[in-house]
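**Q**
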Amino acid sequence: MAYENLDYTHLTPEQAKTVDSIAEAIRNKAYGIDVREAMARALEIVSNAISLGGGQDSLQLSIKLSDLSQEVKEALTGGAVAVVGENSVGTENIKNDAVTTDKTSFITVSKNLIDASKAIYGYDFDDNGDLIARDAYYVIPKIPVKPSTTVYKNKNGALVEYNELGSKIMSYANSGRRSYQLTNETYFVGLSVSSSNISSAQLEYGDVETPFEEFKHDRLSVEIKMGVENMESNDLSEISNFVKEDLLSGKQPDLEYGDITTSLQKGTDTITRVRPKNLPLEMKSGEYVQILNTDKYRMAIATEDDPGRFLDGWNSTSYTATKDTMVAFMFSLKDGGNVDIEDLKKNIYFHSNAAVATIADIKSSNSEVKYVTLSGSDENSGDGVNTGYATLQKALDENPAKIIIENGDYFQGATKSGIQDLTIMPLYPQGDPVRFLGGKEIKILTAYNNIYYFNYSEQNVYYDNVFVKKSQNPIQNASRPMYYANLWEIGNEQDYNMKPVLTLEECQNETGTFYYDGSRIYLNPENQNNTFVPVKGEIGLNLSGDKLTILPLIEAKYFDKEPFILDDIRNLNTIGVVGTHSARADGFSLDNTSGTLDKCTARFNMNDGFNPHFAGKTTFIDCIGSDNGDDGISHHEVCVGTIIGGKYERNGSGGVTPANNAKVTITGAIIRGNGIGISQNVNQDVETVSKHNLITGNDIGVVSNSKGNFVSIGDVIQDNVTDVQGVLEQY
């Protein structure tokens, strides 16, 4: 019979001492409260009974499974209301297909693999899977995917498959909606989509199309995410609770709003830095807010009409209101941890009109692009191919987010500091490079007695000081002769800097020399059919700041000093960039810079090819540092360097030279034909780890200084005049 009482108060301790009473209580209670509660209450009663006296022996219990009711058996053996002890369920105990999507609704894995915020405008993939310039198209590069799966795209476009290292392994031409069977080596895909389709493009697992869903940045639902203290890669900031009625409760700090800390004038417009105090913030249509330090901070945005949805997940760095609304922000550190509110205040900028507020004096909006073209003019707007600037310097001065340069030769250099986030790229990603040249290439000579000449009327301060005014000695006495007037002879991989002499007679008597009389350059070359370049420009590109990306086919060469000075950059990414033929310096100066140089080339430079100094963490992937007067690559001071693959050959001193407290790891490189293959140039402690490198054909294969630590793992060190000098820890 069912009990009238539903709170167990009718059971006495004596009644609770028998199995029948306990089972009957649980059995009759089940219709009102679930079995787990009934069992818990019954056990409490048993415990009370024990504590009242008599001890466990007084309980008339020797419970067997057969003694229990069916409901209790189910509860103990895995029925619908099983009692599960802590840490008691292993993977093997979960029935196949028992965990369904409705039971894991707190996890929001994105069905759509396309993150449109990472799309790059102005490019498409050709039939071979190579990038080409194309208006009204976007490319979404390297979307992570699972190998050996099928994916389906719902819009026209091309698809390219990449392996785990990012190398192209398969490409499909532009086509309509279709499925693709990915290879077992495919870890990324690239996708192209037209501008009209980018907002509704979807790539999903499976071989059929399903309804479109927006890309989900968050791996957990908003409700779960709010309570997470230590998220993967993004700890929530102190501004953690996004409920509108409770924005400033709990541990949330008070962000002062309206206190102008910086006021910048751009034309008639004032751009102010503000500190939001009361969240949510009222924003009118067109108003604009931006985070400056995009390498450090991220924000999520919600609006009054949809307060539970973050418009841009955790990747937003700017927001423009499309209508009058209340907007709230949640801030996080990009790399995790709690936000320093005082520092964050300095990195929030607000403006009343996004169309006007490009923040060009600080950082432009991500949509701003400037063009440099061969037929351009610095009087143009720079907004397109037909209205491009003539100089890179003009484009840099406008502080755009992206500079696109028409392929061809530019006899100029450029300098810019304080870069916030800039990409420099060619107009056409294939074909001729963009070349910044410090001198013009001369290919035709006129015979003169037993030597040659060409007319030269350019203003060249180096030639004027050495040959005309004679105010500068032509040669500096050094271990490697350094010339103050320079002319390159280029040909057959035997490029060299010709020696300046002060009389025509000297030039006639010595091969490899040249002389300038103010209107003609006379030269005694090794091969008159080579190309000759009188050096006029001082420095190629001198750039510094927060974040800089330089894409392939950008070159700088034939300068008196460095082709590239890329100092003091927090996040540098260069791909296929070439810096060669520095008459008196390094190919790449990288002081206090961190980042990645991928497939870059530094050759025929007076000093080092790549020259990181003072601090910073740099990674060099498949780079070439060869034919330089000093080292192919040399990390100094407290730099941390990683060298993966590449060739470091025929350098006057070392192929790879860690120096002065540097910590360098070298893996899979070819180091050949140098004075020293790997040389620890040690004034202080240097840590070098060399793994699976080919070190051959050098005067000395490896020099290990007693002040440093050198570990060699699986290196091939052979066929050097001397293979090893010093103590080398080999495995």
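For the sequence shown, this note's numbering gives the first residue as 184, with consecutive numbering after it. Where a beta carbon is used, it is the ideal one built from N, C-alpha and C, also for glycine.
Use the C-beta contact count for His764: other C-beta atoms within 10 angstroms, 16 or more gives buried, fewer gives exposed.
**A** Flag for His764 reads buried.
**Q** Report all residues from its chain with a CB closer than 7 angstroms to the CB of Glu347; omit the five preceding and five following residues, and keep chain order.
**A** Closer than 7 angstroms at the Cβ level, and outside the excluded window around Glu347, lie Tyr370.
**Q** Give the secondary structure of Phe787 by DSSP, where H, G and I count as helix, E and B as strand, and everything else as coil.
**A** Reduced to three states, the DSSP call for Phe787 is coil.
**Q** Out of curiosity, what's the CA-to-CA distance linking Gln677 and Asn888?
**A** Spanning the two alpha carbons is a distance of roughly 33 angstroms.
**Q** With a CB to CB cut of under 6 angstroms and the five nearest residues on each side skipped, what residues in its chain are close to Asn632?
**A** Excluding residues within five positions, none has a Cβ falling inside 6 angstroms.
**Q** Given that a residue counts as buried once 16 or more other Cβ atoms are within 10 Å of its Cβ, and exposed if not, what is Val899?
**A** The residue is exposed, with fewer than 16 neighbouring Cβ atoms inside 10 Å.
**Q** Does DSSP classify Tyr741 as helix, strand or coil?
**A** Tyr741: coil per DSSP, three-state reduction.
**Q** Helix or strand or just coil, what does DSSP make of Phe654?
**A** The question names Phe, yet the displayed sequence has Ser at residue 654. Residue state, collapsed to three classes: coil.
**Q** Taking Cβ to Cβ, would you say Gly596 is nearer than 8 angstroms to Leu780?
**A** No, the Cβ-Cβ distance between Gly596 and Leu780 is not below 8 angstroms.
**Q** If we call anything under 8 angstroms between Cβ atoms a contact, is Ala798 one with Asn775?
**A** Yes.
**Q** From this set, Ile859, Asn756, Leu670 and Asn656, which residue's C-alpha is nearest Tyr639's C-alpha?
**A** Ranking the options by Cα distance to Tyr639, first place goes to Leu670.
**Q** So, helix, strand or coil for Tyr639, using DSSP?
**A** Residue state, collapsed to three classes: coil.
**Q** Could you tell me the boundaries of the beta strand (DSSP E) in which Asn725 lies?
**A** First-last of the beta strand (DSSP E) with Asn725: Leu724 to Ile733.
**Q** In terms of DSSP beta bridges, what is Phe398 paired with?
**A** Answer is none; Phe398 lacks a bridge partner.
**Q** Just grab the DSSP bridge partners of Ser809 for me.
**A** Answer by DSSP bridge pairing, in chain order: Arg786.
**Q** Taking the beta strand (DSSP E) that Asp592 belongs to, which residues open and close that run?
**A** Element bounds for Asp592: Gly591 to Tyr593.
**Q** Expressed to the nearest angstrom, what Euclidean distance is found between the alpha-carbon atoms of Arg855 and Leu736?
**A** When rounded, the distance between both Cα atoms is 26 angstroms.
**Q** Apply the 10 Å Cβ neighbour rule to Phe803 and answer buried if 16 or more other Cβ atoms are within range, or exposed otherwise.
**A** So Phe803 counts as buried.
**Q** Do the segment 558-571 and the segment 684-702 meet, that is, are 3 or more Cβ pairs less than 8 angstroms apart?
**A** Segments in contact, no.
**Q** When the Cα of Asp805 is compared with those of Ala785, Gly812 and Asp814, which residue comes out closest?
**A** Closest option to Asp805, Cα to Cα, is Ala785.
**Q** If we cut at 8 angstroms on Cβ distances, does Lys553 have a partner in chain C?
**A** The structure shown contains no chain C, having only a single protein chain.
**Q** With respect to the beta strand (DSSP E) encompassing Asn692, which residues constitute its N-terminal and C-terminal limits?
**A** From DSSP, Asn692 is part of no beta strand (DSSP E) but of the alpha helix (DSSP H) over Leu687 to Asn692.
**Q** Near Tyr698, which residues of its chain fall below 6 angstroms by C-beta distance, leaving aside the five closest residues on each side in sequence?
**A** Counting only Cβ-Cβ distances below 6 angstroms, and skipping sequence neighbours, we find Val684, Leu687, Cys690 and Tyr705.
**Q** What does a CB cutoff of less than 7 angstroms around Thr556 pick up in its chain, not counting 5 residues either side in sequence?
**A** Excluding residues within five positions, the ones whose Cβ falls inside 7 angstroms are Val568, Gly571 and Glu589.
**Q** Between the segment 701-716 and the segment 823-830, are three or more C-beta pairs nearer than 8 angstroms?
**A** The segment 701-716, when compared against the segment 823-830, does not touch it at the 8 angstroms Cβ threshold.
**Q** Do Leu731 and Ile602 count as a contact pair if the criterion is CB distance below 8 angstroms?
**A** Their beta carbons are under 8 angstroms apart, which means Ile602 touches Leu731 by this criterion.
**Q** Going by the beta-carbon positions, is the gap between Val649 and Pro657 smaller than 8 angstroms?
**A** Yes, the pair counts as a contact, with Cβ atoms nearer than the cut-off.
**Q** Report yes if the C-beta distance between Leu365 and Ser331 is below 8 angstroms; otherwise report no.
**A** For Leu365 and Ser331, yes; Cβs fall inside 8 angstroms.
**Q** Using only alpha-carbon positions, find the residue among Gly312, Gly812, Asp507 and Val839 that is nearest to Thr879.
**A** Comparing Cα positions, the closest option is Val839.
**Q** Mark Ile853 as exposed unless 16 or more other C-beta atoms lie within 10 angstroms of its C-beta, in which case mark it buried.
**A** Ile853 should be labelled buried.
**Q** Give the DSSP-derived three-state secondary structure of Tyr611 in the structure shown.
**A** Note: Tyr611 maps to coil in three-state DSSP.
**Q** When the Cα atoms are used, what is the spatial distance from Leu374 to Lys301?
**A** Cα to Cα, Leu374 sits roughly 11 angstroms from Lys301.
**Q** Report yes or no: do the segment 351-364 and the segment 303-321 share at least 3 C-beta pairs separated by less than 8 angstroms?
**A** Flag = yes, the segment 351-364 and the segment 303-321 touch.
**Q** Reducing DSSP to helix, strand and coil, say where Asn857 ends up.
**A** Residue state, collapsed to three classes: coil.
**Q** State the DSSP-derived secondary structure class of Thr366, mapped to helix, strand or coil.
**A** Reduced to three states, the DSSP call for Thr366 is coil.
**Q** Helix, strand or coil for Gly909, going by three-state DSSP, please let me know.
**A** Strand at Gly909.
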